[in-house]
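Let me begin by presenting the structure, written as structure tokens, before commenting on it.
Residue numbers (the numbering used here): 2 to 233.
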């Protein structure tokens, strides 16, 4: 048997990212539709159901597809790894494209399953300084969680990311999109988890700012300490 490390080719990695993005984005949007339908107008119950479903599907997808593609499902994560020289720059654009395409198909699948118009534009406004600050903070926390957990506890990444996003749904005013691809896709769904297209650029800009700060902070925290000089 070969002792060579498991390294899927680009086609398999892109397939894993597309499939993962499909189910993650479908999970976020579909659970939002179901939650809103069954909650009887109670937004808190709807958000709780949406949170549980999102955290659960995140754990499954990261644990299952992480060995194949790294389970990014998020252009901000892909870019963060490239900035840290842990991911090839030439693969950043292909990853981002399949994340978006897979996510769009996931949104369309949700609309099909719930007998909604396939093509939609969201009307839910998500604007203001508080919302933008929330997205920067949510994105910082997500990327920081990944960087730090990968350094010392890589086996805990699926649970750490799923639990972080579940918590951030509740402690951020934006409900923690923290992902440029899903932000774009959610603008194509006029459902519980939607965002008006006009508010997408601000969210994405805030997410990138949070990601860049996390790369700096996470890189500093996890860097190997300098070798200590001993006397004698």
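All residues carry an ideal CB built from backbone N, CA and C; glycine is no exception.
* By how many angstroms is the C-alpha of residue 61 removed from the C-alpha of residue 233? -> Indexing the chain shown from 1 puts residue 233 at position 232. Indexing the chain shown from 1 puts residue 61 at position 60. Bear in mind that a pLDDT of 44 at residue 233, under 50, signals an unreliable position, so the model cannot answer this.
* C-alpha distance - residue 201 paired with residue 188, whole-angstrom precision -> Taking the chain shown and counting its residues from 1, the one referred to as residue 201 is at position 200. Taking the chain shown and counting its residues from 1, the one referred to as residue 188 is at position 187. Cα-Cα distance, rounded: 7 Å.
* Asked: With a CB to CB cut of under 6 Å and the five nearest residues on each side skipped, what residues in its chain are close to residue 159?
  -> By 1-based counting over the chain shown, the position of residue 159 is 158. Excluding sequence neighbours, residue 159 sits near 60, 63 and 64.
* Between the Cα of residue 107 and those of 66, 26, 174 and 136, spot the shortest distance and give me the residue it belongs to. => For the purposes of this step, residue 107 is taken as residue 106 along the chain shown, with counting starting at 1. Among 66, 26, 174 and 136, the Cα nearest to that of residue 107 belongs to 26.
* To do: Rank 16, 24, 121 and 181 by C-alpha distance to the C-alpha of residue 133 and give the top, closest one.
  => Taking the chain shown and counting its residues from 1, the one referred to as residue 133 is at position 132. Here the closest residue by C-alpha is 181.
* Asked: CA-CA distance, residue 14 and residue 154?
  -> By 1-based counting over the chain shown, the position of residue 14 is 13. By 1-based counting over the chain shown, the position of residue 154 is 153. Using only the alpha carbons, I get a separation of about 23 Å.
* Asked: Which of helix, strand or coil does DSSP assign to residue 130?
  -> Within the chain shown, residue 130 is the residue found at index 129, counting from 1. DSSP places residue 130 in helix when its eight states are reduced to three.
* **Nearest-angstrom Cα separation, counted from residue 172 out to residue 100** => By one-based count along the chain shown, residue 100 stands at place 99. By one-based count along the chain shown, residue 172 stands at place 171. In a straight line, the C-alpha of residue 100 is about 26 Å away from that of residue 172.
* Asked: Can you tell me whether DSSP reads residue 51 as helix, strand or coil?
  -> The residue you call residue 51 lines up with position 50 of the chain shown. In the structure shown, residue 51 adopts helical secondary structure according to DSSP, grouped into three states.
* Please classify residue 87: does DSSP put it in a helix, a strand, or coil? => Here residue 87 refers to the residue found at position 86 when the chain shown is read from its first residue. Look at residue 87 here: in three-state DSSP terms it is coil, with no helix or strand label.
* Identify whether residue 118 lies in helix, strand or coil by the three-state DSSP scheme. => On the chain shown, residue 118 is found 117 positions in, with the first residue counted as 1. In the structure shown, residue 118 sits in coil (DSSP, three-state: anything other than H, G, I, E or B).
* Can you give me the start and stop residues for the alpha helix (DSSP H) that residue 22 sits inside? => Position 21 of the chain shown, counted from the first residue, corresponds to residue 22. 11-39 is the span of the alpha helix (DSSP H), which, as asked, contains residue 22.
* To do: Return the residue from the list 147, 95, 193 and 111 that minimises the CA-CA distance to residue 127.
  => Residue mapping note: residue 127 aligns to position 126 of the chain shown, counting from 1. Here the closest residue by C-alpha is 193.
* To do: Would you mind sorting residue 156 into buried or exposed? The rule is 16 or more other CB atoms within 10 Å of its CB.
  => As a working note, residue 156 is residue 155 in the chain shown. Residue 156 is exposed by the Cβ-count criterion.
* Asked: When the Cα of residue 138 is compared with those of 170, 220 and 79, which residue comes out closest?
  -> Here residue 138 is taken as the residue at index 137 of the chain shown, counted from 1. Its Cα nearest to that of residue 138, the residue 170 stands out among 170, 220 and 79.
* Exposure label - residue 76; buried when at least 16 CB within 10 Å -> By one-based count along the chain shown, residue 76 stands at place 75. Classification for residue 76: buried.
* Hey, out of 23, 176 and 178, whose CA is closest to residue 111's CA? -> Within the chain shown, numbered from 1, the residue matching residue 111 stands at position 110. Residue 23 is the option with its Cα nearest to residue 111.
* Cut-off 6 Å between Cβ atoms - residues of its own chain near residue 19, not counting five sequence neighbours on either side -> Along the chain shown, read from residue 1 onward, the residue named residue 19 stands at position 18. Closer than 6 Å at the Cβ level, and outside the excluded window around residue 19, lie 99 and 103.
* If you run the structure through DSSP and keep just helix, strand and coil, what is residue 200? -> Within the chain shown, the letter at position 199 stands for residue 200. Three-state DSSP puts residue 200 in a helix.
* To do: Rank 81, 30, 34 and 185 by C-alpha distance to the C-alpha of residue 149 and give the top, closest one.
  => Within the chain shown, the letter at position 148 stands for residue 149. For residue 149, the nearest C-alpha among the options comes from 81.
* To do: In the DSSP assignment, find the unbroken alpha helix (DSSP H) run with residue 174 in it and report its ends.
  => If you number the chain shown from 1, residue 174 lands on position 173. From DSSP, residue 174 is part of no alpha helix (DSSP H); its letter is neither H nor E.
* Measure the beta-carbon distance from residue 50 to residue 36 and round it to whole angstroms, keeping in mind my assumption that it falls under 8 Å. => Sequence index remark: in the chain shown, residue 50 carries index 49 (1-based). Sequence index remark: in the chain shown, residue 36 carries index 35 (1-based). Correct: roughly 4 Å between the Cβ atoms.
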